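Counting from 1, position 488 in the sequence shown corresponds to residue 519 in our numbering; the numbering is continuous, with no gaps. Don't be surprised by glycine CBs; every beta carbon is placed ideally from N, CA and C. Just so it is clear, the structure is predicted and the values come from calculations on it, not from any experiment. Comments concern the structure below.
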Amino acid sequence: MQRLAPALLGRLARARPWAPVPRRGAAAGASSDEEQFVFLEYEPELSEAAAAAPRRDRDQDRDRGRGQGRQRREWAPVGRPDPSVPPSGVSCSGCGAELQCRDGAAPGFVPAEKYRSLCEGPAGAEGLRAAVCQRCWLLAHQGRALRLELPPEQHRRVLSAALRRPPRHGRGPLLLYLLDLLELPDPVLPQLPGLLGPDVPVAGLLVVGNKVDLLPADAPGHLGRLRQRVAAACARAGLRGAPLVDVRLVSAKTGFGLEGLVSRLQRSWKCAGDVYLLGATNSGKSTLFNSLLLSDYCKSRAPDIIDRATVSPWPGTTLNLLKFPIINPTCDRIFRRQERLKEEATKTEDQLSSEEKKYLNHLKKQGYLVGRVGRTFQQKKSSPVVDFDPDMLSYSIDEDPKHSPGQREERKEFTHNELKDARWCFDTPGIIKENCGEKPAWFSVVASNLLPVHIATLSNADAIYEKHAGQELLKVPMGGEERMKKFPPLVPQDITLKGIGTSEAVADIKLSSAGWVAVTAHAEEELLLRAYTPKGTALVVREPPLLPYISAIRGSRIAGTAAYRTKKPPSLVENLKATGKR
32 MQRLAPALLG RLARARPWAP VPRRGAAAGA SSDEEQFVFL EYEPELSEAA AAAPRRDRDQ
92 DRDRGRGQGR QRREWAPVGR PDPSVPPSGV SCSGCGAELQ CRDGAAPGFV PAEKYRSLCE
152 GPAGAEGLRA AVCQRCWLLA HQGRALRLEL PPEQHRRVLS AALRRPPRHG RGPLLLYLLD
212 LLELPDPVLP QLPGLLGPDV PVAGLLVVGN KVDLLPADAP GHLGRLRQRV AAACARAGLR
272 GAPLVDVRLV SAKTGFGLEG LVSRLQRSWK CAGDVYLLGA TNSGKSTLFN SLLLSDYCKS
332 RAPDIIDRAT VSPWPGTTLN LLKFPIINPT CDRIFRRQER LKEEATKTED QLSSEEKKYL
392 NHLKKQGYLV GRVGRTFQQK KSSPVVDFDP DMLSYSIDED PKHSPGQREE RKEFTHNELK
452 DARWCFDTPG IIKENCGEKP AWFSVVASNL LPVHIATLSN ADAIYEKHAG QELLKVPMGG
512 EERMKKFPPL VPQDITLKGI GTSEAVADIK LSSAGWVAVT AHAEEELLLR AYTPKGTALV
572 VREPPLLPYI SAIRGSRIAG TAAYRTKKPP SLVENLKATG KR
């Protein structure tokens, strides 16, 4: 029996090309294709002593995410909670959740020891300002996400409450809807009219197509065509005319199009009201928030006071509202900004400083289209004042120099005048995508252990079969080119199945006399499969399956692949008393 992990989103490729798996100890001169495929062998049974700690350590190391393609894993919080301490009333500067040490599974958790150390001193809970919760710290520094107990509608409730606030400054907010161009048609865009509703006082909607840097130019004018595609998607979603004011294409990561977006906002919206960043999870809202924070769109002192939002590949990173104050684009500021942009447009890469060149080269590695985001309005930093302490210099020959304890740097704050009439740009929690993307399915291959099983993408399946059919790699059929001339072609058969749960297979797909594939899927999840078999042989869908719980028999995951090592079930001998533990 051979067991496959969630793969191909519930699609079966051809019977042969299944699993590219790194070969252990492959010869240095072997070709790349041959090095990727192995025969899955039975994993040897370990003694209880050997299987305890070492196996656990190896599994943890393998799951920590070395390389791409690994499943993201949620971790338990570290540190002790203290239920007796009330919530702080201070928000995490990374995700917006209220900082607390009462519950490790709740948003905003900080271990009790760290929480108390931050609250020490006359400032009390105010000492938590600029601190981040444990979840944000682990996401930023180790790429690990903590398990959170959040209601499914938590993100939507936060967003709905924010949008239904009474209009400030006599005008409703402007919505910047961030759309992932790679996700077109966007799954959340049709939900916008219902999400906003007639009771949301929206003054305008600006749709921003993000991640344009990942789409290379297929022909001249490709950006114009992309913009038309986004506009057409907005029209199909019912966003025609007002309140839709514009469609822009940007890359929040590499800065492409951001200066144009800032100019567009300052020309049309000026400082009339608040701005909310909306979009589906993982669309790049927090990345755009951080980029705008370092641009001419925010007050000049804001980057020194407002901390960056936590950015990670994990969906739902932002849990509450984050904000920075928008600068008032007066005529003088707009003129100075235009002069800066004109001057920078005449520069070449050779005229940049070494630091700018290094950063620009870093951005080029991130995406295809790159833009520089600069700042026209910056506060001049005063030169540091050196305190002269005579006691530090008065020490004898047998004494070490005295060092006074470092003073804690005073945190900068906005003045009352800077905030009394401020308009704010808000980063909001991502909207959870509904009814988009299939859940994973499990395919358990029951066949001879001598039959190799390979996983391949659908785009590579035909090429692998044509290259290796009749050869040693696929085992069946054998005989080389002469055999393949007489071998019947593969014919497809489409199969539709509906899952009944992750612990029980819904059906077997029987491949003639070669064995079968047991299919396990989430309850009510519909799978559209296509299986191939040589013409003239039978392909049967067996319902109910012969071994409905076969997916539970598996060994450890094969690192870097979607497959598991084969685990041999314990032997049962009839008419003899079982000895030892199974």
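Under the rule that 16 or more other beta-carbon atoms within 10 Å means buried, what is residue i, buried or exposed?
i	result
Thr597	buried
Pro216	exposed
Tyr580	exposed
Thr488	exposed
Ser119	buried
Asn321	buried
Val522	exposed
Thr527	exposed
Arg585	buried
Ser582	buried
Arg54	With a pLDDT of only 31 at Arg54, under the threshold of 50, the placement of this residue in the model should not be trusted; the figure read from the coordinates follows. With fewer than 16 other Cβ atoms within 10 Å, it is exposed.
Leu149	buried
Pro483	buried
Asp327	buried
Leu559	exposed
Cys329	buried
Ser479	exposed
Tyr595	buried
Report, in whole angstroms, the separation of the C-beta atoms of residue i and residue j, which I expect to be a contact under 8 Å.
i	j	result
Val477	Leu578	7 Å
Ser343	Leu170	4 Å
Ala137	Gly110	The Cβ separation is near 13 Å, so there is no contact.
Pro334	Glu449	Not quite, the Cβ-Cβ distance comes to about 14 Å (not below 8 Å), so this is no contact.
Gly174	Leu210	Not really, about 26 Å apart at Cβ, beyond 8 Å.
Arg166	Leu177	4 Å
Ala569	Val550	Actually they are not in contact, since the Cβ atoms of Ala569 and Val550 sit about 18 Å apart, beyond 8 Å.
When you compare the CB positions of residue i and residue j, do they come within less than 8 Å of one another, or not?
i	j	result
Val202	Ala340	The sequence given here has Arg at residue 202, not Val. Not closer than 8 Å, so no.
Tyr208	Leu223	yes
Lys464	Val219	yes
Val276	Leu236	yes
Val404	Leu391	no
Ala107	Leu130	no
Leu279	Arg298	The sequence as given places Arg at residue 279; Leu does not occur at that position. No, Cβ-Cβ distance for Arg279 and Arg298 is not below 8 Å.
Asp134	Pro112	yes
Glu380	Lys388	yes
Thr349	Pro460	yes
Val233	Pro197	no
Asp525	Arg573	no
Ile337	Leu324	yes
Going by DSSP in three states, residue i sits in which element: helix, strand or coil?
i	result
Ile584	coil
Thr448	Going by the sequence as given, residue 448 is Asn instead of Thr. In this structure, Asn448 counts as helix in the three-state DSSP scheme.
Gly530	coil
Trp106	strand
Glu345	A quick correction: the sequence has Trp, not Glu, at residue 345. Of the three classes helix, strand and coil, the one that applies to Trp345 here is coil, per DSSP.
Asp305	coil
Asp525	strand
Ile336	helix
Ile358	coil
Ser63	At Ser63, the pLDDT of 36 sits below 50, so the modelled position is not reliable and the matter cannot be decided from this model.
Glu151	coil
Ala593	coil
Lys373	helix
Thr318	helix
Tyr146	helix
Ala536	strand
Leu179	coil
Arg89	Bear in mind that the predicted position of Arg89 carries a pLDDT of just 40, short of 50, making it unreliable; the figure below should be weighed with that in mind. Arg89 falls in the helix class under three-state DSSP.
Ser122	strand
Gln131	strand
Would you kindly report the start and end of the unbroken alpha helix (DSSP H) that includes residue i?
i	result
Cys167	165–173
Tyr390	385–397
Ile255	It should be pointed out that residue 255 corresponds to Gly in this sequence rather than to Ile. Where Gly255 is concerned, the enclosing alpha helix (DSSP H) stretches over 253–267.
Val276	No alpha helix (DSSP H) holds Val276; the beta strand (DSSP E) holding it covers 275–280.
Return yes when the C-beta of residue i is under 7 Å from any heavy atom of the ligand ATP, and no when it is not.
i	result
Leu206	As for the ligand ATP, it is missing from this structure, which has no ligand bound.
Let's see if you can read the secondary structure: which residues bound the beta strand (DSSP E) around residue i?
i	result
Val189	Per DSSP, Val189 belongs to no beta strand (DSSP E); it is in the alpha helix (DSSP H), 185–194.
Ser475	472–477
Asp458	454–458
Asp493	Per DSSP, Asp493 belongs to no beta strand (DSSP E); it is in the alpha helix (DSSP H), 489–499.
Glu557	557–565
Val548	547–552
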